[in-house]
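*Asks:* Pasting a structure below so you can have a look.
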Amino acid sequence: MFSQAIFVPSVGIFLSAFQLSWKFKLLFTTYFVIIERTFLKLKIYNNKWWKTTYTAIFMFIGFFISDICYKEIKKGNKLMLKVTLYNTFHVLYMSVFFILSLFKKFRYEPVVLTKNPWYYHYTFVKLYLVFETCITVYFFEMSKKAKILPMFIIVLIDNIFINLKVLKVDGVYWKTLLTIRLFFHSLLLIMKKWWKI
């Protein structure tokens, strides 16, 4: 849901940055629970195994975890800065890939015959970008020369997928996907230097 992707993390940052008490955390948790219950009543979506109680518990705890993370970032904790950097990279990267998917600039088809190809596409993109982020993180912690290896590995895998017809690109590969990949890997290098980690 849009609220989970945008509003909940924003509220977590807001609560942590202004060091608001547990009462505000409870207030915002209640607010999101009311929204979820309203959406369920209006049948905008259904819960299969998830319960609204889980939302309340995990969100309330999550706001306290956000406080801990924020304090560690302010202290300059290297591990927390690295985790934040790579999470930022991953979320921005995935968001752009989602937008490209909406405009049908590319599509993964890991399952050839299916009634719902976009379901498999989005599932595959999420997993593939986690894999790509892990490779990038691993090599970015090594020497300067190793920092270009993730791009070569990803371009190689993309080309294999294109040849196997698992990856379909609207237009020329280097004008869309490769350009986005290069931009985000360059952005990560700049952010890493800027954050001095």
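Sequential numbering of the sequence shown, starting at 628, is according to the working numbering. Even glycine gets a Cβ: it sits at the ideal position worked out from N, Cα and C.
(1) Alpha carbon to alpha carbon, how far is ALA683 from VAL660?
(2) Roughly how many angstroms separate the alpha carbons of ILE781 and ARG734, rounded to a whole number?
(3) Residues in the same chain with beta-carbon distance under 7 Å from VAL638, minus the five sequence neighbours each way, listed in chain order, please.
(4) Decide if GLU768 is buried, meaning its Cβ has at least 16 other Cβ atoms within 10 Å, or exposed.
(5) How would you write the range of the beta strand (DSSP E) that VAL796 sits in, first residue to last?
(6) Is the stretch 812-821 touching the stretch 713-732 in the sense that three or more CB pairs, one from each, lie closer than 8 Å?
(7) Determine the contact status of TYR749 and PRO737, defining contact as a CB-CB distance below 9 Å.
(8) Under three-state DSSP, which class holds PHE659?
(9) Alpha carbon to alpha carbon, how far is SER643 from TYR697?
(10) On the three-state DSSP scale, how would you describe PHE733?
(11) Should PHE810 go down as buried or exposed, given a rule of 16 or more other Cβ atoms within 10 Å for buried?
(12) DSSP state of GLU768, grouped into three classes?
(13) So, is PHE690 buried or exposed, given that buried needs 16 or more other C-beta atoms within 10 angstroms?
*Replies:* Reading off the structure:
(1) Here residue 683 refers to the residue found at position 56 when the sequence shown is read from its first residue. Here residue 660 refers to the residue found at position 33 when the sequence shown is read from its first residue. Spanning the two alpha carbons is a distance of roughly 6 Å.
(2) For the purposes of this step, residue 781 is taken as the residue at position 154 of the sequence shown. For the purposes of this step, residue 734 is taken as the residue at position 107 of the sequence shown. Distance between the alpha carbons of ILE781 and ARG734 is about 16 Å.
(3) If you number the sequence shown from 1, residue 638 lands on position 11. Non-local C-beta neighbours of VAL638 in its own chain, meaning closer than 7 Å and more than five positions away in sequence, comprise PHE655, ordered along the chain.
(4) As a first step, residue 768 is located in the sequence shown; it is residue number 141 there, counting from the start. With fewer than 16 other Cβ atoms within 10 Å, it is exposed.
(5) In the sequence shown, counting from the first residue as 1, residue 796 sits at position 169. Here the beta strand (DSSP E) through VAL796 covers 794-796.
(6) Yes, the stretch 713-732 is in contact with the stretch 812-821.
(7) Here the question's residue 749 lines up with position 122 in the sequence shown. Here the question's residue 737 lines up with position 110 in the sequence shown. At the C-beta level, TYR749 and PRO737 stay beyond 9 Å of one another.
(8) Start at 1 with the first residue of the sequence shown, and residue 659 comes out as number 32. In the structure shown, the three-state DSSP call for PHE659 is helix.
(9) Position 16 of the sequence shown, counting from 1, holds the residue named residue 643. Position 70 of the sequence shown, counting from 1, holds the residue named residue 697. Cα-Cα distance, rounded: 6 Å.
(10) As a first step, residue 733 is located in the sequence shown; it is residue number 106 there, counting from the start. Strand at PHE733.
(11) Along the sequence shown, one-based indexing puts residue 810 at 183. PHE810 is exposed by the Cβ-count criterion.
(12) On the sequence shown, residue 768 is found 141 positions in, with the first residue counted as 1. Coil, per DSSP.
(13) Against the sequence shown, residue 690 aligns to sequence position 63. Buried, since its Cβ has 16 or more Cβ neighbours within 10 Å.
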